[in-house]
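J.: Residues in the sequence shown are numbered consecutively from 1, following the UniProt record's numbering.
Cβ coordinates follow ideal geometry from the N, Cα and C atoms, glycine included.
Take this structure first; my questions come after.
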Amino acid sequence: MKTIVKLGLTYVVIIALLFSCKKADNSSYGESADMKVSADSTAVSSSAAVVDKNSKQKFIRTADIKFKVKNVVKSTYAIENATQKFGGYVTYTNLQSNIHDQIKTKISQDSTLETTKYTVENNITIRVPNTQLDTVIKTIAKQIDFLDFRVIKADDVSLKLLSNQLSQKRSATNEKRVENAIDAKGKKLNDVIEAENTLANQKEANDNRTIDNLSLKDQINFSTITLQLYQNETIRQETMASEKNSNAYKPNLGLQILDSLKNGWYILETIFVFLINLWPFILLGSLGFFLYKKHGKK
Numbered sequence: 001m002k003t004i005v006k007l008g009l010t011y012v013v014i015i016a017l018l019f020s021c022k023k024a025d026n027s028s029y030g031e032s033a034d035m036k037v038s039a040d041s042t043a044v045s046s047s048a049a050v051v052d053k054n055s056k057q058k059f060i061r062t063a064d065i066k067f068k069v070k071n072v073v074k075s076t077y078a079i080e081n082a083t084q085k086f087g088g089y090v091t092y093t094n095l096q097s098n099i100h101d102q103i104k105t106k107i108s109q110d111s112t113l114e115t116t117k118y119t120v121e122n123n124i125t126i127r128v129p130n131t132q133l134d135t136v137i138k139t140i141a142k143q144i145d146f147l148d149f150r151v152i153k154a155d156d157v158s159l160k161l162l163s164n165q166l167s168q169k170r171s172a173t174n175e176k177r178v179e180n181a182i183d184a185k186g187k188k189l190n191d192v193i194e195a196e197n198t199l200a201n202q203k204e205a206n207d208n209r210t211i212d213n214l215s216l217k218d219q220i221n222f223s224t225i226t227l228q229l230y231q232n233e234t235i236r237q238e239t240m241a242s243e244k245n246s247n248a249y250k251p252n253l254g255l256q257i258l259d260s261l262k263n264g265w266y267i268l269e270t271i272f273v274f275l276i277n278l279w280p281f282i283l284l285g286s287l288g289f290f291l292y293k294k295h296g297k298k
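Encoded structure:
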């Protein structure tokens, strides 16, 4: 009796240990899945997107992200709404479906099942205020089901801006000196023309640097984000009417026989009319044959 009790207790302990191990494995799996989702949704964030308001450096920040989503269309709308919410705008979007395979299966005399395998993808380019770049990226991360890659850049253009500004100052000084030289009396016409050309070239160079600075400031104030969205392959099935064979539109045998008799009669009528048109030749031939028979024998 004691042996039976001991065996029973042993079995109970073993079952309890197995149940505990299974529960721990399930808990570990759940934690790993949560970690994966968390990694996909936060990996796109980066300190490169953080802006220090007190910094004297000027950065052009860009982000390039490719990821899979549950539904490309819904994620596109969510991203566009978030962009508008944080003061940005969409500069490019190309939403399209790529068909990989299309199969038509005849399921009845009048119906065909069309099976289409396709994927939906969208390439989006948006621009957002540089102070909102990190916020927008974190908002976009909520749409990520699987992250392929993300590249975030911060290019310092402070020296480039300073170089353009100094060049503009030098150009402005030279322009004044050339203008004074042109206004001076006693200069020859050739010298004036050469000075005018030099002044025009300097002004054009100065304008180009001004435009370059404006472009740099625009890129500094508004960061550019390039997104590539895609989803799993989708299968779409649609039942449609089958295309009938041309033989299905042929008349039955009785109608074909009737049409043949009509066509034969029309041909006979045509031949008869043709012969009537030849009556002069027939008359001359008959007369010639009669004369030949009458005088030929003599």
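Over the uninterrupted alpha helix (DSSP H) stretch that includes phenylalanine 272, give me the two end residues.
T.: Counting along the chain, the alpha helix (DSSP H) containing phenylalanine 272 begins and ends at 253–277.
J.: Taking 8 Å as the threshold (C-beta atoms), are aspartate 155 and lysine 68 in contact?
T.: No, the Cβ-Cβ distance between lysine 68 and aspartate 155 is not below 8 Å.
J.: In its own chain, which residues sit with a C-beta less than 8 Å from the C-beta of glycine 88, not counting the 5 before and 5 after it?
T.: So the list reads Ile126, Arg127, Val128, Pro129, Gln132, Val136, Phe222, once near-sequence residues are dropped.
J.: What's the C-alpha gap between valine 72 and isoleucine 107?
T.: Using only the alpha carbons, I get a separation of about 32 Å.
J.: Measuring straight from C-alpha to C-alpha, what distance separates glutamine 143 and lysine 70?
T.: So the alpha carbons of these two residues sit roughly 8 Å apart.
J.: In chain order, what residues of the same chain lie with their CB nearer than 6 Å to the CB of glutamine 102, ignoring the 5 residues before and after it?
T.: Answer for glutamine 102: Thr116, listed in chain order.
J.: Am I right that threonine 76 and leucine 229 are in contact with their C-beta atoms under 8 Å? What's the rounded C-beta distance?
T.: 7 Å between Cβ atoms; contact.
J.: What separation, rounded to the nearest whole angstrom, lies between the Cα atoms of arginine 61 and threonine 224?
T.: Straight-line Cα distance between these residues: approximately 7 Å.
J.: Nearest-angstrom Cα distance between serine 158 and glutamate 114?
T.: So the alpha carbons of these two residues sit roughly 59 Å apart.
J.: Quick check on the burial criterion: 16 or more other C-beta atoms within 10 angstroms. Buried or exposed for isoleucine 152?
T.: Buried, by the Cβ-count rule.
J.: Please say whether threonine 93 and isoleucine 140 have beta carbons closer to each other than 8 Å?
T.: Their beta carbons are not under 8 Å apart, which means isoleucine 140 does not touch threonine 93 by this criterion.
J.: Please classify isoleucine 79 as buried or exposed, where buried requires at least 16 neighbouring CB atoms within 10 angstroms.
T.: Isoleucine 79 is buried by the Cβ-count criterion.
J.: Quick one, which of Arg150, Val120, Met240, Leu216 has its alpha-carbon nearest asparagine 164's?
T.: For the residues Arg150, Val120, Met240, Leu216, the minimum Cα distance to asparagine 164 belongs to Leu216.
J.: From the DSSP output, which residues share a beta bridge with tyrosine 230?
T.: Answer by DSSP bridge pairing, in chain order: Lys68, Glu121.
J.: In angstroms, rounded to a whole number, what distance separates the CA positions of threonine 83 and leucine 147?
T.: Their Cα atoms are separated by approximately 20 Å.
J.: Could you have a look at valine 157 and say whether DSSP puts it in helix, strand or coil?
T.: Three-state DSSP puts valine 157 in coil, outside helix and strand.
J.: Could you name the residues of the same chain whose beta carbon sits closer than 6 Å to that of serine 167, not counting the 5 residues immediately before and after it, in chain order?
T.: Arg209, listed in sequence order.
J.: Let me know the secondary structure DSSP gives phenylalanine 290 once reduced to three states.
T.: Phenylalanine 290 falls in the helix class under three-state DSSP.
J.: Quick one, which of Lys66, Leu95, Leu214 has its alpha-carbon nearest arginine 150's?
T.: Minimum Cα distance to arginine 150 is reached at Lys66.
J.: For tyrosine 92, list the residues DSSP reports as bridge partners.
T.: Answer is Thr125.
J.: Reducing DSSP to helix, strand and coil, say where aspartate 148 ends up.
T.: In this structure, aspartate 148 counts as strand in the three-state DSSP scheme.
J.: DSSP three-state label for lysine 169, please.
T.: Three-state result, lysine 169: helix.
J.: Would you check if the distance between the CB atom of threonine 226 and the CB atom of aspartate 64 is smaller than 8 Å?
T.: Yes; because the gap between Cβ atoms is below 8 Å, this pair is in contact.
J.: Would you mind working out which of Thr112, Thr105, Gln96 sits nearest asparagine 122, comparing C-alpha positions?
T.: For the residues Thr112, Thr105, Gln96, the minimum Cα distance to asparagine 122 belongs to Gln96.
J.: Thinking C-alpha only, which one of Ile235, Trp265, Thr270 is nearest asparagine 98?
T.: Of Ile235, Trp265, Thr270, the residue nearest in Cα terms is Ile235.
J.: Taking all protein chains shown into account, decide if aspartate 134 is buried (16 or more other Cβ within 10 angstroms of its Cβ) or exposed.
T.: Burial call: buried.
J.: Using 10 angstroms around the beta-carbon of lysine 294, count the other beta-carbons present and answer buried if the total reaches 16, otherwise exposed.
T.: Lysine 294 is exposed by the Cβ-count criterion.
J.: Report all residues from its chain with a CB closer than 8 Å to the CB of glutamate 233; omit the five preceding and five following residues, and keep chain order.
T.: Around glutamate 233: His100, Lys117, Tyr118, Thr119.
J.: What does DSSP give as the partner residue(s) for threonine 241 in the beta ladder?
T.: A small fix is needed here, since residue 241 is alanine in this sequence, not threonine. DSSP lists Ser111 as partners of alanine 241.
J.: List the whole-angstrom C-beta distance separating lysine 58 from isoleucine 220, where the pair is believed to meet the contact cut-off of C-beta under 8 Å.
T.: That pair is a contact at about 5 Å.
J.: At the level of alpha carbons, what is the spacing between leucine 253 and serine 260?
T.: For leucine 253 and serine 260, the distance between alpha carbons rounds to 10 Å.
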